[in-house]
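*Asks:*
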Amino acid sequence: MGNTESNTYDVIVIGAGISGLICGCYLSKAGKKVLIIEQHDRPGGYFTSFRRKGFLFDAAAHSFGNYREGGHVRKILTDLGVPELARIKRCNPSDMVIAPECIVTYWNDVPSTIAGLSNIFPHEEKNIVNFFKFISSAGISDFVKLKDKTFDFLLRQFFIDSRLRSVLALPVFGNGGLPPSRLQAFSGIKIFSEFIVDGGYYTEGGIQALPNALANIVKHNGGAIVYKKRVEKIIIQNGAVTGVELTNREKLHGRIVVSACDMRQTYTMLFGDHVVDDEVTKQLNTMTPSLSTFILYMGLREPFKETPKAGVNSWYLTDWDLDATYSRVERCDFSDVGAFMFRVSPDQKTALAFIGAPYYSRSFWKENKRKTADEFFARIEHSIPGLREQVAYIEAASPATLERYTLNYQGAAFGWAKSPSQMSAIMACKSSRLQGLLFTGHWTSIGFGLPGTCYSGYETARRILKKEITR
Amino acid sequence: MEDVEQGIRAIVAEVSGADEQEITIETKFAEDLEVDSIKAIEITVAIEKKFKVSVRDEDVPNIMTMRQAVELVTRLLKQKKA
Numbered sequence: 001m002g003n004t005e006s007n008t009y010d011v012i013v014i015g016a017g018i019s020g021l022i023c024g025c026y027l028s029k030a031g032k033k034v035l036i037i038e039q040h041d042r043p044g045g046y047f048t049s050f051r052r053k054g055f056l057f058d059a060a061a062h063s064f065g066n067y068r069e070g071g072h073v074r075k076i077l078t079d080l081g082v083p084e085l086a087r088i089k090r091c092n093p094s095d096m097v098i099a100p101e102c103i104v105t106y107w108n109d110v111p112s113t114i115a116g117l118s119n120i121f122p123h124e125e126k127n128i129v130n131f132f133k134f135i136s137s138a139g140i141s142d143f144v145k146l147k148d149k150t151f152d153f154l155l156r157q158f159f160i161d162s163r164l165r166s167v168l169a170l171p172v173f174g175n176g177g178l179p180p181s182r183l184q185a186f187s188g189i190k191i192f193s194e195f196i197v198d199g200g201y202y203t204e205g206g207i208q209a210l211p212n213a214l215a216n217i218v219k220h221n222g223g224a225i226v227y228k229k230r231v232e233k234i235i236i237q238n239g240a241v242t243g244v245e246l247t248n249r250e251k252l253h254g255r256i257v258v259s260a261c262d263m264r265q266t267y268t269m270l271f272g273d274h275v276v277d278d279e280v281t282k283q284l285n286t287m288t289p290s291l292s293t294f295i296l297y298m299g300l301r302e303p304f305k306e307t308p309k310a311g312v313n314s315w316y317l318t319d320w321d322l323d324a325t326y327s328r329v330e331r332c333d334f335s336d337v338g339a340f341m342f343r344v345s346p347d348q349k350t351a352l353a354f355i356g357a358p359y360y361s362r363s364f365w366k367e368n369k370r371k372t373a374d375e376f377f378a379r380i381e382h383s384i385p386g387l388r389e390q391v392a393y394i395e396a397a398s399p400a401t402l403e404r405y406t407l408n409y410q411g412a413a414f415g416w417a418k419s420p421s422q423m424s425a426i427m428a429c430k431s432s433r434l435q436g437l438l439f440t441g442h443w444t445s446i447g448f449g450l451p452g453t454c455y456s457g458y459e460t461a462r463r464i465l466k467k468e469i470t471r
Numbered sequence: 472m473e474d475v476e477q478g479i480r481a482i483v484a485e486v487s488g489a490d491e492q493e494i495t496i497e498t499k500f501a502e503d504l505e506v507d508s509i510k511a512i513e514i515t516v517a518i519e520k521k522f523k524v525s526v527r528d529e530d531v532p533n534i535m536t537m538r539q540a541v542e543l544v545t546r547l548l549k550q551k552k553a
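Heads up: the protein sequence lines correspond to chains A and B, in order. Quick note, the first sequence lines up with residues 1 to 471 if you use our numbering. Quick note, the second sequence lines up with residues 472 to 553 if you use our numbering.
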């Protein structure tokens, strides 16, 4: 079928994850004819919810950060009108770290958090104050100086007590998939300041309300979103992108294509036999994706009124050594897992728990999913006695499940592993050499989660609109 | 010097999304091109890779404008040769 008005768009976005949706919102708002193609039956990527046996579960992401006054996420969501469509609330506290000898609480009021930490680690009081001052006021030069450093390097600049470093780093590890000794410092600071210090926001009625609002905004602006359709390849003619072909052979035309999906897949599958950039393809094959996760979804018999308080991301630390924890995760040894996150939904009806997990292979998880779920549940029960009696229904997602639903390579939860050694490669392969093709999302950035993908989607739209004006 | 300037201009354009023609030797990254911390890291890392130089901590404050970046890279390249 040739180009007709009905199958021709200004911009085609592959993937209705947060970055694809944000990009689509801004482009459609600017009057561009936008089509977003999503393989799943709903928008959101890792920000989706699903129903089972009458329970509503958030599939992966369940809260977000950086929604403070002046935060990027608040600016973007407000700019697009999301607060008018979805009710955004905040948990107080947002996070807790439950360690062997102490409980660290992250209150919405930062001075209270600092006071609590100083109470537990009085010998580090001054350093705690200085650290929080640094993360809230660090300027461009400070960040550039940390370009090749790890988050552990930064923590050691401030703190002597390794236990304090571990309780500060655990939620960062959980939200970034790398222990502090392997995580790039910039990424670590951003997770700490944007997810933890300014974290705990959620949409009432499940996280799906957020992507649903964004999808409605795209449609309200005249854009279109199609679900359960998969892009087979990106069509390239004379070195420029001209559209996409779906698995049902349907062809859709557009001068600009934004790939908001897994970057490796874009290069190795969507370009087909067309060698776009041999150097980048080779580079991508040597790069390491971030860790995936193993998730348990629990439907509760009664509203959960015990500790930990509903809505709070509770991080359980059983081994102070986060490197040892990471090694166990890499070996897929969950029998005595050193750390996990547990959260009861704000409506107290369900609970979600996750641990980092390697991908290995689809067949590995087919064989080991049930066993891992049992081991993991037993581990949680050890920390939260009596939980079993409260659980009416339980379901698990392995890295293979996450890959199946989101098409993220190896179920990677955060795009590429954000280690200092991969910084330059992540940056080098994020721009396509092809006219009309752009990348967006967590595979293109050293940023993380909703703050990272919001920023990326906004930036991609800004670039397209700027070039369109100067064309 | 011109090669250095052109090389840096291409990197800055790529990272910031600005057109190369917009970028002159007087361009200030943050003020003129909305370069934030993430883009500043990207520019610095890309410069290090392209020119095979290492930007040390004390040089970081001197890589925030086109003129500074060109002067710094030129100096680092000279030091490398010497």
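Ideal placement from N, C-alpha and C gives every residue a C-beta, glycine not left out.
1. Taking 7 Å as the threshold (beta carbon to beta carbon), is Ser-19/A in contact with chain B?
2. Val-197/A versus chain B: which residues are under 7 Å apart at the beta carbon?
3. Tell me where the alpha helix (DSSP H) around His-72/A begins and ends.
4. Within a Cβ cutoff of 7 Å, which residues of the same chain sit near Ala-412/A, ignoring the five residues on either side of it in sequence?
5. What are the partner residues of Trp-315/A, as DSSP defines its beta bridges?
6. Determine, using beta carbons only, whether Lys-147/A comes closer than 7 Å to chain B.
7. By how many angstroms is the C-alpha of Lys-418/A removed from the C-alpha of Glu-497/B?
8. Tell me the DSSP secondary structure of Ala-351/A in three-state form.
9. Do Cys-25/A and Ile-256/A have their C-beta atoms closer together than 7 Å?
10. Using a threshold of 6 Å, is the CB atom of Phe-57/A nearer than that to any non-hydrogen atom of the ligand GDP?
11. With a threshold of 16 other CB atoms inside 10 Å of the CB of Arg-74/A, please say whether the residue is buried or exposed.
12. Does Gly-17/A come out as helix, strand or coil in the three-state DSSP assignment?
13. Give the straight-line distance between the Cα atoms of Lys-268/A and Ile-88/A, rounded to the nearest whole angstrom.
14. What do you reckon, are the CB atoms on Val-110/A and Trp-315/A nearer than 7 Å?
15. Could you say which of Leu-170/A, Lys-147/A, Asp-198/A lies nearest to Gly-65/A if we only look at CA atoms?
16. Run through chain A and tell me which residues come within less than 8 Å of Thr-515/B, C-beta to C-beta.
17. Going along chain A in order, which residues have a C-beta closer than 8 Å to the C-beta of Glu-501/B?
18. Using a Cβ-Cβ cut-off of 7 Å (strictly less than) and excluding sequence neighbours within five positions of Ile-380/A, which residues of its own chain qualify?
19. Rounded to a whole number of angstroms, what is the C-alpha to C-alpha distance between Arg-163/A and Asp-374/A?
20. Using a Cβ cut-off of 7 Å (strictly closer), state whether Ile-554/B contacts chain A.
21. Give the straight-line distance between the Cα atoms of Thr-492/A and Phe-414/A, rounded to the nearest whole angstrom.
22. Using a Cβ-Cβ cut-off of 7 Å, state whether Arg-471/A counts as contacting chain B.
23. Would you verify that the beta carbon of Gly-478/B is, or is not, closer than 7 Å to some beta carbon of chain A?
24. Which stretch, first to last residue, makes up the alpha helix (DSSP H) that contains Lys-126/A?
25. Look at the alpha carbon of Tyr-458/A and the alpha carbon of Cys-23/A, and state the distance between them as a whole number of angstroms.
26. At the level of alpha carbons, what is the spacing between Lys-145/A and Ala-86/A?
27. To the nearest angstrom, report how far apart Gln-237/A and Leu-548/B are at their CA atoms.
28. With burial defined as no fewer than 16 other Cβ atoms inside 10 Å of the residue's Cβ, what is the status of His-123/A: buried or exposed?
29. Here's the rule I'm using: 16 or more other beta-carbon atoms within 10 Å means buried, otherwise exposed. How should His-253/A be labelled?
30. Are three or more beta carbon pairs between the region 43 to 62 of chain A and the region 238 to 245 of chain A nearer than 8 Å?
31. Please state whether the Cβ-Cβ distance between Asp-528/B and Leu-543/B is less than 7 Å.
32. Along the chain, which unbroken stretches of the beta strand (DSSP E) at least 3 residues long are found entirely within the region 404 to 443 of chain A?
33. Run through DSSP, which three-state label would Glu-517/A get?
34. Does the Cβ-Cβ distance between Lys-520/B and Ser-432/A come in under 7 Å?
35. List, in chain order, every chain B residue whose beta-carbon is nearer than 8 Å to that of Phe-479/A.
36. Rounded to the nearest angstrom, what separates Lys-498/A and Ile-225/A at their Cα positions?
*Replies:* By the coordinates alone:
1. Interface annotation, Ser-19/A: not in contact with chain B, CB-CB separation never under 7 Å.
2. Those do not exist, as Val-197/A stays about 16 Å from chain B at its closest Cβ, beyond 7 Å.
3. Segment 72 to 80, the alpha helix (DSSP H) holding His-72/A.
4. Around Ala-412/A: Pro-289, Ser-290, Ser-292.
5. Under DSSP, Trp-315/A takes part in a beta bridge, and its partners are Val-97/A, Met-341/A.
6. At a cut-off of 7 Å, the C-beta of Lys-147/A has a neighbouring C-beta in chain B.
7. Rounded to the nearest angstrom, the two C-alpha atoms are 33 Å apart.
8. Strand, per DSSP.
9. It is not a contact, given that the beta carbons lie outside the stated cut-off.
10. In the structure shown, the ligand GDP is absent, as is every other ligand, since no ligand is present at all.
11. Answer is buried; the Cβ neighbour count reaches 16.
12. In the structure shown, Gly-17/A sits in a strand (DSSP, three-state: E or B).
13. Position check: residue 268/A holds Thr in this sequence, whereas Lys was assumed. Going by the C-alpha atoms only, they are around 38 Å apart.
14. Their beta carbons are not under 7 Å apart, which means Val-110/A does not touch Trp-315/A by this criterion.
15. The shortest Cα separation from Gly-65/A among Leu-170/A, Lys-147/A, Asp-198/A belongs to Asp-198/A.
16. The contacting residues are Val-144, Lys-147.
17. The displayed chain sequence assigns Ala, not Glu, to residue 501/B. By Cβ distance, chain A contributes Ile-140.
18. The answer, listed in chain order, is Phe-340, Phe-342, Ala-353, Leu-387.
19. Their backbone Cα atoms lie some 30 Å apart in a straight line.
20. The requested residue 554/B does not occur in the structure, where chain B is confined to residues 472 to 553.
21. Residue numbering for chain A in the displayed model covers 1 to 471; residue 492/A lies beyond these limits and cannot be assessed.
22. Low confidence applies to Arg-471/A: its pLDDT is 48, below 50, so where it sits in the model is not reliable enough to give any reading.
23. Residue contact check for Gly-478/B against chain A: no CB pair falls below 7 Å.
24. Residue range 125 to 137 is occupied by the alpha helix (DSSP H) that includes Lys-126/A.
25. In this structure, the straight-line span from the alpha carbon of Tyr-458/A to that of Cys-23/A is close to 6 Å.
26. Roughly 39 Å separates the two Cα atoms.
27. For Gln-237/A and Leu-548/B, the gap between their C-alpha atoms comes out near 40 Å.
28. With fewer than 16 other Cβ atoms within 10 Å, it is exposed.
29. Note on His-253/A: 16 or more other CB atoms within 10 angstroms of its CB, so buried under the neighbour-count rule.
30. Not touching, per the Cβ criterion.
31. No.
32. 437 to 439, all fully within the region 404 to 443 of chain A.
33. Because residue 517/A is not part of the residues shown, which for chain A are 1 to 471, the question remains open.
34. Cβ distance not < 7 Å, so Lys-520/B and Ser-432/A don't count as in contact.
35. With chain A covering 1 to 471 only, the question about residue 479/A has no answer from this structure.
36. Beyond the ends of chain A as shown, which are 1 and 471, falls residue 498/A; an answer cannot be given.
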